[in-house]
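Residue numbers (the numbering used here), protein chains in the order written: chain A, 8 to 374; chain B, 8 to 374; chain C, 8 to 374; chain D, 8 to 374.
Every residue gets a Cβ at the ideal spot worked out from N, C-alpha and C, and that includes glycine.
Treat the numbers as computed from the prediction; the structure is a model and nothing was measured.
Before any comments, here is the structure.
Protein chains: 4
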Amino acid sequence: MDKYISIKDLEDAALEVLPKATRDYYKSGATDEFTLAENKRAFQRIRIRPKCLVGIKGCELKTTVLGETVSMPIAIAPSAMQRMAHPDGETANVKAAQTKGVVYTLSTISTSSIEEVAEAAPNALKWFQLYIYNDREITKKLVQRAEKAGFKALLLTVDTPLFGVRRADVRNKFNLPKHLNLANFEGDMSTKIHESGEGSGLNHYVSGLFDKGLTWDAIKWLKSITKLPIVAKGVLRGDDAVRAVEAGCAAVLVSNHGARQLDGVPATIEALPEVVSALRGRDVEVYMDGGVSTGTDVYKALAIGAKMVFVGRPALWGLAVGGQAGVEKMLDIFRSELEYTLQLAGTPDVAQVTRDMVKHESEYAKL
Amino acid sequence: MDKYISIKDLEDAALEVLPKATRDYYKSGATDEFTLAENKRAFQRIRIRPKCLVGIKGCELKTTVLGETVSMPIAIAPSAMQRMAHPDGETANVKAAQTKGVVYTLSTISTSSIEEVAEAAPNALKWFQLYIYNDREITKKLVQRAEKAGFKALLLTVDTPLFGVRRADVRNKFNLPKHLNLANFEGDMSTKIHESGEGSGLNHYVSGLFDKGLTWDAIKWLKSITKLPIVAKGVLRGDDAVRAVEAGCAAVLVSNHGARQLDGVPATIEALPEVVSALRGRDVEVYMDGGVSTGTDVYKALAIGAKMVFVGRPALWGLAVGGQAGVEKMLDIFRSELEYTLQLAGTPDVAQVTRDMVKHESEYAKL
Amino acid sequence: MDKYISIKDLEDAALEVLPKATRDYYKSGATDEFTLAENKRAFQRIRIRPKCLVGIKGCELKTTVLGETVSMPIAIAPSAMQRMAHPDGETANVKAAQTKGVVYTLSTISTSSIEEVAEAAPNALKWFQLYIYNDREITKKLVQRAEKAGFKALLLTVDTPLFGVRRADVRNKFNLPKHLNLANFEGDMSTKIHESGEGSGLNHYVSGLFDKGLTWDAIKWLKSITKLPIVAKGVLRGDDAVRAVEAGCAAVLVSNHGARQLDGVPATIEALPEVVSALRGRDVEVYMDGGVSTGTDVYKALAIGAKMVFVGRPALWGLAVGGQAGVEKMLDIFRSELEYTLQLAGTPDVAQVTRDMVKHESEYAKL
Amino acid sequence: MDKYISIKDLEDAALEVLPKATRDYYKSGATDEFTLAENKRAFQRIRIRPKCLVGIKGCELKTTVLGETVSMPIAIAPSAMQRMAHPDGETANVKAAQTKGVVYTLSTISTSSIEEVAEAAPNALKWFQLYIYNDREITKKLVQRAEKAGFKALLLTVDTPLFGVRRADVRNKFNLPKHLNLANFEGDMSTKIHESGEGSGLNHYVSGLFDKGLTWDAIKWLKSITKLPIVAKGVLRGDDAVRAVEAGCAAVLVSNHGARQLDGVPATIEALPEVVSALRGRDVEVYMDGGVSTGTDVYKALAIGAKMVFVGRPALWGLAVGGQAGVEKMLDIFRSELEYTLQLAGTPDVAQVTRDMVKHESEYAKL
């Protein structure tokens, strides 16, 4: 593992070992992949303004999210069907999260079940990503199982009335490999995904089952069946963030779904200021994901107002390269990069990373 | 046809099958082709701001243009001499439009006559693109034939006192292949185009026949000979849009003629806001064409204020690849892309696509 | 000549036929050649906003400069030692200018003498570019010879206390080929240039002879020895333009010396608005040169406020490719491109090309 | 040496002769090297606005820094372990500085001792770059030795609580070659650097010895043990510049440590205006380093308000190519480029290079 010294190293190695269809599924973005590239480029347009001689005594990455302590403000984002990346899939991923003290988020569409994941890492701080199915009973059962299994929050995906078009998946007629199933379901619901229609089998599956008619009222319904705090995942506008909070969400995750839904939407680090600004003065947390691949990316998101960032693809690259050890390596790299960023920026405690620590490049476009 | 999943796929395939002179004629822009590239790049500078959890019940692409219903706000733009792309030329194109319920616009300079086109697709919503000839009788006859054949609107091209210089055409000494004629004319007028001068034979033809002295008074004259509503095609300035409307036009088509007239003019999606703003409060429709090649492009144009967009080259690529079936494929791709864009943006009815749904990238250049 | 349909074509052909040292001398810019590239790129950042249906009756390129009529607002810029490009050098160039009715500007450092040029094209409108030598008698004689030979204006170069560093010239130890002399001088002054020091022999020559101590008072002195109107060539700032006019200049030529003097200065089309604005309301003319290579470039300069533009390298490319005929071809291309630009922009008379006809791209960076 | 006519020439030659680990160490920047590239690109976004006909009598590059006269406002920046570049290392470098009359700055982490450097160039104007060690006695001794050896100022590095991550060094397990030692120390302290941990041996060394807890109070302590003026090296914010001055610094060096500490910080020429503005009205000097590689770069920094610029890598390239003669060549190139820049800009005395002489490119983004 020692030869990997950056997330890019892990990505390069993973792209070599993964079979084509899986590799394409993981790395693709929607249609022309403009936003996919922007998610990264937009970070480059933000400058960190380090302070000197602040007197560094230590370096504190610990923070709290929704009342729970995490070892650093970096969480593992939900991503579907992780056993495609490594035989241990979600269980390896959650074990790495447990070891490293970060949030692990399990996808509804996983190849390990809620219970398997809970059992694999009983002490991990686990959150559950939720799609709401047309059949509300199915949904209710998922939520209750997650709550019972010790998951501590629900990430309700709010940007997916249907799945975005990822052209490589269409060309590959992508589907979950036959030897894997959707582990949170039984019988039909578990294997239905294999009945591919034209193009992407996953999209076919989704479009039959997810509730497209969902509104913000769904939050009320969810709160009637669970005590878990709810995070609205997929918000890109200030007004939607306010809607989420007024509907009862405890937090908002600024996300464009890894640029996999609609091409042409803003990079998440571009959308973050609007959301933070809209929620100023409210007692809620804001997170972000999308394109985060270095410690300075994390730092910039924190400075703009995120309480935590999620990383999805980096965990998959780690998983593909080395299972649990690969994910741990990924988290170690982020921790190390964030640690020296905090110190070199003169804000050795994440709590010190305030808005004043960054400027947009356009603010430097004058003499 | 199934292997084509994007307009780009159709374009790539078409560029392979077309003979060089035709290919060059279709894809070229004026001189340095800066605006040709900008027509596409400018779309990338606009961001879509999706709304979440809006409660999608269906997806409605239907709209009306000049009082007639179309199945989606995408029309086939006029382009000259379509039998160069496929033996069936304009008749295949209009049949596809009929099948798919969209506007087909016939060029004055076509290789199928007004009547052939009408007969091929009696139920299509057909508009006629008009160049005004020095000989007003010729022009009058064209208009009256179109009206009689059931065409429902006239697109008067207002940006063409002469044809722009497309260097490849000059180098190729481009001309209509000998076995084809300008089908809307008889005798000399039909074959005159083959008497090439130096350079582009088409430009030679045009410069001898079109009325360069045309002013906005032409609208009045047109209205005196036809009841058809008139659309000013080729407007790039707000003040010209007002002139068009005050002269009696029912609609304005923001167009730079596929970037084929004058290089260095704005991309059409750049010029659209100025025109929409100048016409605010007037009971007229605004359309646009130029560089539209994805569903998100269409969406952005609608959000800025276009009632419909026209696609020219995409229809030619479809035609080249598969005749009527190719054009239908092109329209299917656009429909599918626009459908999921509408849903993923949280505005499942085209009527909901308002100005608030987009931002220029420069609005994100701040923290 | 017919195969050349753009200035770029002539440039490409010229770069192939010229010997390396001459080619490098002509095409080089100062040091890193950033401004050399910017001179062209900056034109792309300006958009032409065409007007429709203006009623074109003809196309008028004629204009006046300093009271004399020219066939179009494009002049041949002074460039040194033109017999390196073609055996006929300056005499071929001036003959082309005569045939085509445009201003020819002879360099002080020419390989044909003032009198040879006058004799070659007695009816051309000829201007003389002047460097002021330490020896004012030499300078005075040059001015008086030019005046006597029928030259109609003096372009005093104001940006050259010394010559800029063009690295290729230094590496090539560039010098005037032995068989050529500086034809405006006799004896030592004519051949001294061959006594190369280190690096560029031209720079060596210049640094020994030109008056670096020159101030705006030089205009007064010039006016005391000649009746010719004086044009300040090489102004890039508004305040300097005012100084030039207050010192008695009849016109100002916005120029960065073909980006050959100091790298990092503004592109001339960038500097033009500042100069035009500073001179608003004064009865003087403003010209520009630098990077002009298409008819739309000329149009943009006119719209911002230039009365005429100068082209230097294009004349050299024409000369290299075909002597007088090559320069004529170059002028024909510009005339043709400017003609259709004027018509397609809806301003068929150069006098109609006003500030309103262009916008900077940044003005389109909003919806 | 004559074949080198730009700093880029020296760089290219040096990169060829240096062994890989040394080459990587010298040229690397922090992590993704975005700021490394920006340090150069940001200069291109600034335009010089030359004045014409100012009457050049001579060219004066002389200036004073902290009360001492230097032959030009270009100093040699401190860089570590220069004997890796050339056997004569720091002593060749300081001799070149002495010959050319510029400031030489010795690094704490040098391969020649304070005394060796002083002896090699007794008449050079020498400054000493200081890292403060946990062991304050070690630090005190260094300062007192520098003062005794005739060094005239202390550059206290304020941006290095730890060393930035340069990935090539980690991959190369970079360390000082065994035959070299840290010459300012004895025994353990001198050889400890060879006890490499994982990754970069230098970072390992630094993290064990440097005082991370340093605050601006360190300036007071330094002033209690030395009379030398203190320069705060590594400031990128206006507020930090004020802190430095209020703590007693005589000057501030705007630096991002050659983009080697934290990637994503501003280019130094971007940060300079903020620092100059924050210190306006105070009797202190501002310097800058970072990406300076041409005379026009120097000019731009002076115009924005720097009293002097430092060049680090250029001196190493000179050293690698030709020892003392190579560094002298480097200084000659800068002098020559600055001389003609001053003259061509119409400000032949460095004292005339004021804020008005430059504009940001964004100021030209309008007509």
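Relative to F41/D, the option among D304/A, Y347/A and G330/A whose CA is nearest is D304/A. Listed by position along chain A, the residues whose Cβ is nearer than 7 Å to that of C256/B form an empty set, because the closest Cβ is around 31 Å away.
Counted as a single uninterrupted DSSP element, the beta strand (DSSP E) harbouring L163/D occupies residues A160 to T164. Exclusion of the five residues before and after A92/C leaves L323, L326 and A327 as the residues of its chain whose Cβ lies within less than 6 Å of its Cβ.
The three-state reading of DSSP puts D270/D in coil, since its state is none of H, G, I, E or B.
The segment 274 to 291 of chain B makes contact with the segment 299 to 317 of chain B: 3 or more CB pairs, one atom from each, lie closer than 8 Å. Going by beta carbons, K180/C and G208/C fall inside the 8 Å limit. Under DSSP, T71/C takes part in a beta bridge, and its partners are T76/C. Nearest C-alpha to D166/D among A251/D, S78/D, K147/D and E344/D: A251/D.
In the DSSP assignment, A82/A is bridged to F317/A.
The C-beta of E281/C has 16 or more other C-beta atoms within 10 Å across all chains shown, which makes the residue buried. By the C-beta density criterion, K58/B is buried, having at least 16 other C-beta atoms within 10 angstroms. Within its own chain, the residues whose Cβ lies closer than 7 Å to the Cβ of S284/D, once the five positions on either side in sequence are excluded, are G245, listed in chain order. Less than 8 Å divides the Cβ of K230/B from the Cβ of I237/B. For S369/D, the neighbours in chain A by C-beta distance under 8 Å run, in chain order, A372 and K373. Here DSSP, grouped into helix, strand and coil, assigns G325/D to helix.
Counting along the chain, A127/B sits inside the alpha helix (DSSP H) bounded by residues I121 to A127. Contact annotation: L187/B and R320/B have beta-carbon atoms that are not nearer than 8 Å.
Of all residues in the segment 59 to 71 of chain B, the ones placed with a Cβ closer than 8 Å to any Cβ belonging to chain A are C59, L60, V61, G62, I63 and K64, in chain order. The three-state secondary structure of F217/B, taken from DSSP, is strand. At a beta-carbon threshold of 9 Å, the residues of chain B lying near I12/C are V172, R174, V177, R178 and G206, ordered along the chain.
Beta-carbon to beta-carbon, M79/B and V109/B are separated by about 6 Å, close enough to satisfy the 8 Å threshold. Under DSSP, R54/C forms a beta bridge with K366/C. Boundaries of the beta strand (DSSP E) around L260/A: A258 to V261.
Distance between G288/C and S35/C, taken at the CA atoms: about 37 Å.
Under the three-state reduction of DSSP, W223/D is assigned to coil, being neither helix nor strand. V177/B: member of the alpha helix (DSSP H) spanning R174 to N179, first to last residue. For T354/C, no CB of chain B lies under 8 Å from its own CB, so it is not counted at the interface with that chain.
When DSSP states are grouped into helix, strand and coil, V249/A belongs to the helix group. Contact note: P57/B reaches chain A through D166, G241, L243, R244, D247, N263, Q268, L269 and V272, using a C-beta cutoff of 9 Å and chain order.
Secondary structure at K234/B: coil, using DSSP grouped into helix, strand and coil.
With respect to the C-alpha of K219/A, the residue from L169/B, I14/B and G65/B having the closest C-alpha is G65/B. Under the Cβ distance rule, D31/D does not count among the residues neighbouring chain A, no pair being separated by less than 8 Å.
Measuring C-alpha to C-alpha distances from S300/D to each of E344/D, Y138/D and T38/D identifies E344/D as the nearest. Secondary structure of K240/D (DSSP, three-state): strand.
When Cβ-Cβ separations below 8 Å define contact, R54/A makes contact with chain D.
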